[in-house]
C-alpha cells in the first residue's frame, strides 16, 4: 500500500500532464494552473518539516556539545530573530527585515560567498590544469585565448583576441555543449518515462519489491 | 629540483593572498586599461537608444545579491540611459531575493535625473509563478500586480495609465543570473506578445545566450562584468551620465585576476614538466 | 499666417518629409484584410492580417464590431501587418476593418468576413513533438521488453560509478563519514530524481559497510524524500537499527548559506568521501574545492553544463550529463533500467539522423528549384 498509492499518483499525474501539453483548451490550462498551485501548497507543508528538521538537528548538536556546536546557536538565534522581526514588524519595503537583515546581512554575506569563487578558481586551476596529454594541452590553449579575450588586457595584447575568444565560445564550445544537452534532454525524458511507468523506483527507497 | 617540487605545491593561502591583493590594487589605483565596446553591447545600446522619448523600457531584475557585483552595474547603466533620454522605466523581477536590489536602484538612480516615482519610474515587485506572471502581464499588468512593490494601487500611478500590458512596451531587458530569467521572457513574452527583448547575463552563462542572438530573438546582450562595463562606456560616451562606473573600474581587477590564474597555470605546468623529465 | 507657419515648423520637427506627400494624396485602404480564430489556443483570441496597398499610411487603425457596436481597439505602426485581438469573447461573431491613416485622411478597408473565437482541443503545431515522443517511447519500451526476456545488454564502463564501492569502503577503513549532497534543485528536476536514485544505492552500501552518512539538504521536499530513501535502504540492507535520524537533515533554502554550511561540515568532519550529485549552480566550485582541500575522494555529477568544468577540475570523478541518469541502472544492474538505456541510445541515433537530414534539406532549400524543401523544414520547428 505504501508503494502502490505513490506509484498510482505518479502514473496518473504523469499521463495527464503529458496530455495537457497537447491540449490548449481552457479546461486543460485550468488543470495545469491547479496542479502548479498544489505543488506550491505541498511545498509549503514540506517547509514546515524542513524547519522542524533544522531545529531538531541544531538543538541536538548544542545539547550533545558536538564539534562546532556554537555555530548551531548562531543558526537557531538567526532563525528566531528573523521570524520574530518578520512576523512582528512585517516584510514590506522599509521594514527592519528589508533594511537591516536583507541589506546588511544577506547582501554582503551572499556576495562574499560568491566572491570566494575567484580564489577557488585560481587554486583549482593551478592544481588541475596540467598539459598531461595532447587534448589537455589543446584545452589549455583554448582556455588562455578565452581568458585573455574576455578582458581589456587581451585586446591590448592583440586586437583580434576578443573575436577569437568569441569564436571559441560560440563554435567549438557550443557544439560540445549541445551534444551534452541532447543527451541530457533524452535522458531526462527517459527517466521521466521510467518514473511514470514505475520502472524506476529508487525515489521510493530502492529497487523492486 | 626541490625548487620545482615547491612550485608544484604552492600553498593555496599564498595563491589567495596574491589574488586578493591583485584584485584590490586596481580598485584603489585604476590601471586605466580602457574598455572597448563589442557589437552585442552596442546592439542593445542602439535598441534602447531608439526607444521614443515618453515610451517605456521594461527591466526584469532576475538576480540576487550574490550576482549583484556582476549584474547591478548593468541595471544602473540601463536606467541612466533611459532617464537621460526621457524614456520611462518599469521594473519587475522573477527572483524574490532580488526585490531589494531593484528597490535600491529605484531609490538611488531616478533622482540623479530629476525623475519622479509614479510618473517616470515604477517598480512592480515580485510575484510567484514565472510563466503565469509573464503571460498575465501580456493580458493586463494590473491583473498580476494590482499594487506596486510599495503598495500603491497601479491606478494611482500616472505612468501605468499608458502601460496597460506588454504590447504597450516597445522594449524589455531581462538581467538574469540563471533561471528564471531571460529564457522565460523569450518563451512567454517575446514569442507570444512580440516583445523586443535584450538580455544581461553572468559571464559563465553568456555562451548559452549566443544562439538567441543569432536567431534574432535577443536584441543585444551584455555578458558579465565586461558587458556591464561596455554599456557604461557607451552611456558615458554619449554624455548621458557622468556617474561612477563600477563595472569599468572592476575590469582592471578582472584583467589582473585572469593574468594571475594564467601565470599560476603556466608555473604549475613548467614545474610539472621539469619534475616529470626528472622522473622519466 | 505666423501661427500657421509655427505649426508647420513644429510639425516638420517630428514628422518625416513624406507627410507632405500624404497630405496631397490620401493613402489607399489596406487590402486582403483577414480575420480568423487564432489557431491552437485556449480561445478568446482572434488574429488579423492585412497587406498595405501603398507606402503612404503613417498608422493603422483597427476597428472591431461586436454585439456592443463598432469600436476602434488599437493603432499600430506602419510596418506591422498583423494584430492579435485578445479582448474578445468565445463563440461571438465579430467583424473587423482596418484604416490607413495619413495626415488628416482616414481610409477604411472593406470589412473582413465575420469570425468567432473558439478554444481548441489539440495543438496541431505540436504534432512533431508528439511523433518524436511516440517514437522515443516506443524505442524505450521495446528495449525494456527485450531486457525482460533476458537479453544481455552491454553498458560501457563509467569510472565514477565503479569508484562508489571503493569510496564507501575507504570511509569505513578511515572511520570517517560520507557526505552526500543531492544537489540544490527541487524534486521536479530530473537530476535530483537521478541523484535520489543513486542515494538509495549508496545508502545500502553504507549500511552494509557500517559507515556514517551525512545528507545535507537545500530543498525541504527533497529532504523528506531523501530521509525516507536512506531509511528504506538501511532496512533493505538488514540494518534498520543503524539508521540515524539526524544523518539526513535540512540546512537552508538559501543557495550560498547552504554552500557555507556544507563547507563548514566538510572542514569539521573531514569526510572520507564526498558525493555531489544533482543540480548545481555557482556554488559547485565552492563545494568541490573545499572538499578537495579536506583530502576527500570526490565523486560529482550534474546535468548543468555550466558547472561541469568546475567539477571536472576539482573532483576525482565526474558524471557528465546523462551518465548521472544512467547511474541507478548501472549500480543496480536491473535489466529493466538497463533496457531503457539502450532505448535512449537509439533515440539519440534518431536525433542524429534528423539533424543530418534537416541540415541537408536546409542546404538544398537554398537551391531555387528546390525551395519547396523549406516547407518540410517548418515541420521540425516548435512553437
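Chains as they are written, first to last, in the working numbering: chain A, 2 to 210; chain B, 14 to 293; chain C, 1010 to 1392. No residue lacks a Cβ here, since even glycine has one placed at the ideal position from N, Cα and C. Every value quoted in this text rests on a predicted model; they were computed, and no experiment measured them.
Beta-bridge partners of residue 125 (chain B) (DSSP): none assigned. No Cβ-Cβ contact shorter than 8 Å links residue 262 (chain B) with residue 65 (chain B). Within chain C, 1291, 1315 have C-beta atoms less than 8 Å from the C-beta of residue 217 (chain B), given in sequence order. The three-state secondary structure of residue 38 (chain A), taken from DSSP, is helix. Contacts between residue 191 (chain B) and chain C, judged by CB atoms closer than 7 Å, involve 1290 in chain order. Residues of chain B whose Cβ lies closer than 7 Å to the Cβ of residue 1095 (chain C) are, in chain order, 152.
Taking a beta-carbon distance threshold of 8 Å, residue 28 (chain B) counts as an interface residue toward chain A.
Closer than 9 Å at the C-beta level to chain B, one finds these residues of the region 1257 to 1286 of chain C: 1263, 1264, 1265. Per DSSP, residue 101 (chain B) is not a residue of any alpha helix (DSSP H); the beta strand (DSSP E) it occupies stretches across 101 to 106. The closest CA to that of residue 76 (chain A), considering only A:54, A:139, A:150, A:16, is found on A:54.
Distances from the alpha-carbon of residue 1333 (chain C) to those of C:1221, C:1260, C:1289, C:1139 put C:1289 closest. Residues of the same chain with a CB within less than 7 Å of the CB of residue 1371 (chain C), apart from the 5 flanking positions on each side, are 1386 in chain order. The count of Cβ pairs closer than 8 Å, one atom from the region 185 to 205 of chain A and one from the region 156 to 167 of chain A, stays below three, leaving the stretches out of contact. For residue 119 (chain A), the enclosing alpha helix (DSSP H) starts and ends at 108 to 129. Taking a Cβ-Cβ threshold of 9 Å, the residues of chain A close to residue 273 (chain B) are 123, in chain order. For residue 90 (chain A), there is no enclosing beta strand (DSSP E); the residue is found in the alpha helix (DSSP H) stretching over 70 to 90.
Looking only at C:1086, C:1055, C:1105, the smallest Cα-Cα distance to residue 1078 (chain C) is reached by C:1105. The residue among A:201, A:106, A:70, A:68 with its C-alpha nearest the C-alpha of residue 83 (chain A) is A:106. Annotated three-state conformation of residue 136 (chain B) is strand, per DSSP.
Residue 91 (chain A) and residue 121 (chain B) have their C-alpha atoms spaced approximately 23 Å apart. Look at the region 149 to 177 of chain B: the residues with a C-beta under 7 Å from a C-beta of chain C are 152. Residue 50 (chain B) is outside the set of residues whose beta carbon lies under 8 Å from a beta carbon in chain C. DSSP, reduced to helix, strand and coil, places residue 1185 (chain C) outside both helices and strands of the structure shown, so it counts as coil. Take the alpha-carbon of residue 1286 (chain C) and the one of residue 24 (chain A): they are about 35 Å apart. Straight through space, the alpha carbons of residue 27 (chain B) and residue 70 (chain A) are spaced by roughly 30 Å. Our two residues, residue 1339 (chain C) and residue 147 (chain A), have alpha carbons roughly 37 Å apart in a direct line. Restricting attention to A:177, A:151, A:180, A:21, the CA atom closest to the CA of residue 166 (chain A) is found in A:151.
Secondary structure in the region 1203 to 1265 of chain C: the alpha helix (DSSP H) runs of 4 residues or longer, each lying completely within the stretch, are 1229 to 1245 in chain order.
When secondary structure is reduced to three states using DSSP, residue 1080 (chain C) falls in the strand class. Judged by beta-carbon spacing, residue 1209 (chain C) lies within the 8 Å limit of residue 1238 (chain C), meaning their Cβ atoms are closer than that value.
Counting only runs of 3+ residues, the beta strand (DSSP E) found wholly inside the region 1315 to 1375 of chain C occupies 1326 to 1329, in chain order. Against chain C, the CB of residue 63 (chain B) has no partner CB under 8 Å away; the residue lies outside that interface. The C-beta separation of residue 1279 (chain C) from residue 1160 (chain C) comes to about 46 Å, leaving the pair out of contact by the 8 Å criterion. Around the beta-carbon of residue 87 (chain B), 16 or more other beta-carbon atoms lie within 10 Å, marking it buried. Shown in chain order are the members of the region 1292 to 1304 of chain C whose Cβ falls below 8 Å from a Cβ of chain B: 1302.
In the three-state reduction of the DSSP assignment, residue 18 (chain A) falls in the helix class.
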